[in-house]
Amino acid sequence: MKLRKMVALGLTVITTFAMVACGSNSGTTDNTNTAGETGEASTAPTASNIFDANVDPDNTEKSDEQIVIQLTSEPSGLWAGGTGKQENECVIIGSALFDTLVHVDRNTGDVLPALASEWEWIDDTHCKFTLRDDVIMSDGSPLVADDVVYCVNTWMQQSPNTDTGRFLSGAVADDEHTVTIEFNTTAPDFLNLLAWGNFGIVSEDEVNALGGYEAADKNPVMGSGKYRFKEWVNGQYILLERNDDYWDDNYVGYFKEIKLVFIQDPAARAMSILSGDAQVAYNMPINTAATYAGNEEINLIVHGFGQNTRLWYNMGPNAGATSDIRVRQAIDKALNFDAIAQVGTGGFGTEVHGYFPDDSIYYNETFTAEERAVDIEGAKALLEEAGYGDGLDLTLVGMQDQEQVFTVIQDNLSQVGINVTIEILDTPAFVGAANSGDYDLIHVGDMVDARYPAICTFFRQSSIDTFCIGGAKWTTPEIEEILDKLIQEPDETKAKEYAKEFEDLVKESMPFSNTFPEMYANMTSKDIKGYKTLERGYIDITSLYK
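Residue 765 is where the sequence shown starts when you use our numbering, and the numbers rise one by one after that.
See the structure below:
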């Protein structure tokens, strides 16, 4: 994703810019705003304290120092693969403790060896992995194929309805260092999925010695990771210690200890970095982080993670006016996508023109900048044709963290006679409404950084009928057929063609409007380097150094 580096003068300035941009369009194609025709901020200077992730070289030195990393929430456990938990913090910390079969280079997308030194697809659904013979688990035993078989069976048992277990059929140990994993569907990017922290490898003996799944989840002295679990003081911190016997000589952990603390308040987190009480604040609100652009006392790490956000129009059984394509097209014409992106990304990102991220090999520019231009008169004409010339009331549901974006959307649509009621819900209420389709508009993202079998679930009838947080509540057999081809195609060039077919099909019906790339903003002390990411943009807490 292309990162816009700019000085943000504060949340008030950003919001004011957005409102000015919203209100400046009155003609049929006029998109006058301070971002200009290209969508890039023409007057914003570059801030010297803003950096991208995954750019520093690897660390080469060790120290006896401790690093303090702030996460927003304390996890309920640390072994996602053994308990079926999906908490972000659980996966982040667990990734330091448990190695996976493969690793993904987050710059290139290449799948690299980890616990598996090599692999071979036997057929479309069976992959044979050769394990390293020098990996030692925390209990002193060597890694063997039976450990992988145990983990695959555990994932299937404990996570049958999540991406961790639902695509697996089993595993067989061919010999002590060779294991074949069977999948229940075809997807060449399964290897990318196996690099996720959920798929960390442990041994059955380790788990049994700890007392089973739940006990191991709370006291995970197991695995072969870069760090080992040391202590958990509930409500205060989790402490990890460097594994100085780690099998990979190419990895050097700088910090002897990693201390994870849990603070929700953004101001308190920033103050801890400025005071030196902590060195990293992970996942700060993007607009809060923007107020520190240009502050030379700290660094900001701002990056995307393969997920674009979209404003979805309800087309399902509960749909009202948004079931009419003319209404959907009118909304799309009325939206100022540059202003929405400015607020949604804190000024760090730009509007998106395709379903896939713009740095993806499957990216297609489905919409042009000209198509994204505000067209107030065109929107009004479509609403008149649809029978809503005298106005229209719609409800947009969401959560507190996007309220400023919703306000921009509300202001945009008021200019064409659409009155948007914003309903801010807590997490349980939002999940319930988003799953049931109790909304006209909803603003949610879709992770498409690779061709996992679970991508584009908004267009899977099976998901729509069971559990799907948001989307249009609509699909067609033709769309699902193209998605199957996209996911299963081994040739990347052909897969990109299928991606374009999918996007063109969807564009005809306008079930959503692309808005902006979701982004992480993180704050570090000035001397911290080596900020790298895992899947979904999670922080790699083992790569940091001074």
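The beta carbon of each residue, even a glycine, is placed where N, CA and C say it ideally should be.
Computed from a predicted structure; not experimentally measured.
Nearest-angstrom beta carbon gap, residue 863 and residue 965 [assumed within contact, 8 Å]: Right, their Cβ atoms sit about 6 Å apart.
Within 8 Å, strictly: CB atoms of residue 894 and residue 905: Taking 8 Å as the Cβ cut-off, residue 894 and residue 905 do not qualify as a contacting pair.
Backbone CA spacing between residue 1077 and residue 931 [nearest angstrom]: Put simply, the backbone Cα of residue 1077 is about 30 Å away from that of residue 931.
Per DSSP, the bridge partner or partners of residue 1237: According to DSSP, residue 1237 bridges with nothing at all.
Sub-8 Å separation of residue 1107 and residue 1168 beta-carbons: Residue 1168 is positioned such that its CB atom lies closer than 8 Å to that of residue 1107.
Classification of residue 1231 by the beta-carbon crowding that lies within 10 angstroms, buried from 16 upward: Exposed.
Given residue 1015 as reference, the closest of 958, 821 and 1237 once Cα atoms are compared: Checking every option, the nearest Cα to that of residue 1015 belongs to 821.
Coarse secondary structure for residue 1052, derived from DSSP in three states: Assigned with DSSP and collapsed to three states, residue 1052 falls in helix.
Under the three-state DSSP convention, the category residue 1104 falls into: Looking at residue 1104 - three-state DSSP - the assignment turns out to be helix.
Completely contained beta strand (DSSP E) runs for the segment 991-1021, where each covers 3 or more residues: Taking only runs of at least 3 residues, the beta strand (DSSP E) segments lying wholly in the segment 991-1021 are 991-997 and 1001-1006.
Residue closest to residue 836, alpha-carbon to alpha-carbon, out of 1298, 1030 and 990: The candidate whose alpha carbon is nearest that of residue 836 is 1030.
Cutoff 8 Å; reference residue 1053; Cβ partners in own chain excluding five residues on either side: Cβ neighbours of residue 1053 beyond the five flanking positions: 1064, 1066, 1110, 1285, 1286 and 1287.
Distance, residue 986 Cα to residue 1116 Cα: Going from the Cα of residue 1116 to the Cα of residue 986 covers about 43 Å.
For residue 834: DSSP bridge partner residues: Paired residue(s): 1025 and 1045.
Local conformation of residue 1347 per DSSP, three classes: Since the first and last residues shown for the chain are 765 and 1310, residue 1347 lies out of range.
Euclidean distance between Cα positions of residue 796 and residue 1141: Since pLDDT at residue 796 reaches only 31, below the 50 mark, its modelled position is unreliable, and no value is offered.
Sequence-distant residues of its chain with Cβ nearer than 6 Å to residue 1295 (five each side left out): If you ignore the 5 residues before and after residue 1295, its C-beta comes within less than 6 Å of the C-beta of 817 and 1065, all in its own chain and listed in chain order.
Contact between the segment 1176-1192 and the segment 1216-1228 (3+ Cβ pairs under 8 Å): Between the segment 1176-1192 and the segment 1216-1228, the count of Cβ pairs shorter than 8 Å is below three; the stretches do not touch.
Pairwise C-alpha distance: residue 979 and residue 1311: Shown here, the chain extends from 765 to 1310; a query on residue 1311 therefore has no answer.
Residue burial classification, residue 842 (beta-carbon count within 10 angstroms, cutoff 16): By the 10 Å Cβ count, residue 842 comes out buried.
Beta-bridge pairing of residue 1211 - partner residues as DSSP gives them: DSSP, once it has assigned bridges, lists 1071 as partnering residue 1211.
Proximity below 8 Å, CB of residue 939 to CB of residue 909: A contact, by the Cβ cut-off of 8 Å.
Of the listed residues 921, 974 and 1235, nearest to residue 1198 (C-alpha basis): Residue 1235 is the option with its Cα nearest to residue 1198.
As assigned by DSSP and simplified to three states, the class of residue 806: A caution first: residue 806 carries a pLDDT of 33, below 50, which makes its placement in the model unreliable, though a value can still be read off. Look at residue 806 here: in three-state DSSP terms it is coil, with no helix or strand label.
Residues of its chain near residue 918, where Cβ-Cβ distance is below 7 Å and the 5 sequence neighbours each way are ignored: So the list reads 845 and 846, once near-sequence residues are dropped.
Selected residue, minimal CA-CA separation from residue 825, among 1020, 968, 1099 and 1005: For residue 825, the nearest C-alpha among the options comes from 1020.
Whole-angstrom distance between residue 1079 and residue 1237, CA atom to CA atom: About 6 Å.
Length-filtered (4 minimum) alpha helix (DSSP H) runs lying within the segment 905-965: 909-922 and 954-957, all fully within the segment 905-965.
Buried versus exposed call for residue 834 [16 or more other C-beta atoms within 10 Å across all chains shown]: Buried, by the Cβ-count rule.
Three-way DSSP call (helix, strand, coil) for residue 783 in this model: With a pLDDT of only 36 at residue 783, under the threshold of 50, the placement of this residue in the model should not be trusted, and no figure is reported.
C-alpha gap between residue 1307 and residue 1289, whole angstroms: Put simply, the backbone Cα of residue 1307 is about 15 Å away from that of residue 1289.
Exposure of residue 829, with buried meaning 16 or more beta-carbon neighbours within 10 Å: Exposed.
Backbone CA spacing between residue 831 and residue 1003 [nearest angstrom]: So the two alpha carbons sit approximately 10 Å from each other.
Own chain partners of residue 1153 with C-beta closer than 7 Å, once the 5 adjacent residues on each side are dropped: Setting aside the 5 residues that flank it on each side, residue 1153 is surrounded in the same chain by 1147, each with a C-beta closer than 7 Å to its C-beta; the list follows chain order.
Pair within 8 Å by beta-carbon distance, residue 1176 and residue 1100: Taking the C-beta atoms as reference points, residue 1100 is found nearer than 8 Å to residue 1176.
When 879, 1135, 1032 and 1213 are compared against residue 943, the one with the closest alpha-carbon: Residue 943 has its Cα closest to that of 879, out of 879, 1135, 1032 and 1213.
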